[in-house]
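These protein sequence lines are chains A and B, in that order. Going by the working numbering, the letters in the first sequence line up with residues 247 to 458, in that order. Going by the working numbering, the letters in the second sequence line up with residues 8 to 228, in that order.
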Amino acid sequence: MLVWFIPQMLFYFLIGDMAYDELSQRGSVLLPILGSRWGWWSGKVLTLFVFSLIYVTGLILTITLGLSFVNPIYLNSFNSSVTLSSLWPNSQDFSGGQLILLISLLYISSMLALGCLQMTFSLFCRRSIYSFLLIIGILLVSCFISINHSWLVRWLPGTQTMLVRHTFIDVTIPDFSFLWSILYNTTLIAVSVIIGFWIVKRLDITRFHSKS
Amino acid sequence: MASQKSTVHKDAISVTNLSKQIRGRVILEDINFRIPVGSIAGIIGHNGAGKSMLLRVISGLVFPTSGEVKIFNEILGKDIEFPRNTGALIEEPGLLSQYSGYDNLLLLSKIRNLINKDNIKDTIKSVGLDPDDKRPTKSYSTGMRQRLGIAIAIMENPDLVLLDEPSSGLDPEGIENIHQLLQKLNEKGITILLTSHSLEEINLLTNLAFEMKSGKLFPLH
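So, in structure tokens, the structure goes:
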């Protein structure tokens, strides 16, 4: 659980001051030059996407190459013919490359979705630390609830990154497909971006709120 | 650009029945004024009188509770989201503290790509700073940060400049330097609206002045 939780917690910590803190500290300079609140907000979402991409790529490279470096036997014994069904007998068959692609897409879309939610919430409550704590809370609650409520797993935000809880690996989890996760994350991104923009569009840019 | 504007528009800024309330507290109350194109206007007032809030409303950062702001005849919040071709320094300049002054301006200039590196260096020199100073802005004094904020406001050759207490934190030589710079900008046809605590500064620089008291604006000269 910690291996799943800590890298994500670090990511949400790193992006914590991307939206509200920038707006309150540099908004009076940036927004008039950009000329549009939507331009600023869409730039934040795009930056978050790039961060997610870099972070997940770095994460996968660190795990695969790092493991090989620590114990070269893993690299020497790498066998491209090993499939998912050889690790989980009841799971669908995926090659190593497909598996990495699945993990990447699930992680990138989930981090982007929760990151957008975090940015939106920081604008709503005007404190970056609250939004960070909210996301950490969501991740922890999702993780613990999903242990004993398999029917609920696919509805909990953040569980989309849990590859082994998807139906194609764990057949005891109902209707939790890859496509479901992507659609779930896309919906969460869309809703967060729209609500975030609605807030930005109405927000007075002042320095009244201290940095969290 | 500035001279072009001056032939088309009579007023750079036109504010009508402007009010702003935050959580029931009146910050600006029924403000009415006009700033003709090409003038230097000043607003004097104590801390908390509402000067910075008025500049924030004029620059499109804060929404008025009621009333209308026109910049070069375009209604803010209706025709435009932010005033076009306007530079502003309101309270803190919002610098990236780990970058040098030059790098701060360079990064901001890349948003619109209207000016080149030589223009940036000239702007930094014009406010009395060294463009080749590689120190991060976190090591700058208050006065140096203020000068850099003014440089950001004027670097893209705006038609209108809004400056909130531009001489704040500057030594007498720095104040003199900034006054000369503002007069030079105005000679080029640029309209300037500034706020100040100093009546002497307002009298020296401006040809149109107002006093702000508890959110209300009164003509001075």
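All C-beta atoms in this analysis are idealised placements derived from N, C-alpha and C, irrespective of residue type, glycine included.
The region 349-368 of chain A and the region 403-415 of chain A touch, with no fewer than 3 CB-CB distances between them shorter than 8 Å. The DSSP-derived three-state label of B:Q28 is strand. Here A:Q364 is buried. Its C-beta has 16 or more other C-beta atoms within 10 Å. Neighbours of A:R283 in chain B, taken as residues whose beta carbon is under 7 Å from its own, are E88 in chain order. The region 153-163 of chain B makes contact with the region 128-142 of chain B; the number of CB pairs closer than 8 Å reaches 3 or more. Proximity of chain A to B:S26 at the Cβ level (cut-off 7 Å) is not reached, the minimal Cβ distance being about 14 Å. Secondary structure of B:M219 (DSSP, three-state): strand. At least one CB of chain B lies nearer than 7 Å to the CB of A:S274. Residue nearest to B:S203 within the set B:T149, B:N24, B:R32, B:K58 is B:K58 (criterion: CA-CA distance). The region 32-42 of chain B and the region 210-224 of chain B touch, with three or more beta-carbon pairs separated by less than 8 Å. Within chain A, the residues D450, I451, T452 have their CB atoms less than 7 Å from the CB of B:V69, given in chain order. Around the beta carbon of A:P420, fewer than 16 other beta carbons sit within 10 angstroms, so the residue counts as exposed.
DSSP places B:V76 within a strand segment (E or B) once states are collapsed to three. Any Cβ of chain B closer than 7 Å to the Cβ of A:I445 would place that residue at the interface, and such an atom is absent.
Secondary structure note for A:L429: its alpha helix (DSSP H) is the uninterrupted segment 424-448.
When rounded, the separation of the alpha-carbon atoms in B:T198 and B:I42 is 8 Å. Annotation for B:L96: the continuous beta strand (DSSP E) segment containing it runs 93-96.
Proximity of B:G52 to chain A, defined by a Cβ-Cβ separation below 7 Å, is not satisfied. Using a CB distance below 8 Å, no part of the region 215-226 of chain B faces chain A.
Comparing alpha-carbon positions, the option among B:I97, B:I157, B:G74, B:K17 lying closest to A:I451 turns out to be B:I97.
The Cβ-Cβ distance between A:R400 and A:F422 falls below 7 Å. Look at B:P43 here: in three-state DSSP terms it is strand. In its chain, beyond the 5 residues on either side, S388, I391, S392 have a beta carbon closer than 7 Å to the beta carbon of A:L402.
Secondary structure note for B:V64: it is in no beta strand (DSSP E), and the uninterrupted alpha helix (DSSP H) holding it is 58-65. In the assembly as shown, A:W286 is a buried residue. Its beta-carbon has 16 or more other beta-carbons within 10 Å. The C-beta of B:G84 has fewer than 16 other C-beta atoms within 10 Å across all chains shown, which makes the residue exposed. Contact annotation for A:I381 against chain B: no contact, minimum CB-CB distance about 26 Å [criterion: below 7 Å]. In the DSSP annotation of this structure, the continuous segment of the alpha helix (DSSP H) that includes B:S116 starts and ends at 108-119. Boundaries of the beta strand (DSSP E) around B:D171: 167-171. Just so you know, the alpha carbons of B:E75 and A:R411 end up roughly 56 Å apart. Look at the beta carbons and you see the region 154-169 of chain B touching the region 100-108 of chain B: at least three pairs across the two are nearer than 8 Å. Contact annotation, A:Y258 with A:I382: C-beta distance approximately 7 Å; criterion of less than 8 Å satisfied. Looking at the DSSP output, B:G52 shares a beta bridge with B:M219. Assigned with DSSP and collapsed to three states, B:P226 falls in strand. Near chain A, meaning a CB-to-CB distance below 9 Å, the residues of the region 90-103 of chain B are P90, R91, T93, G94, A95, L96, I97, E98, E99, P100, G101, L102, L103.
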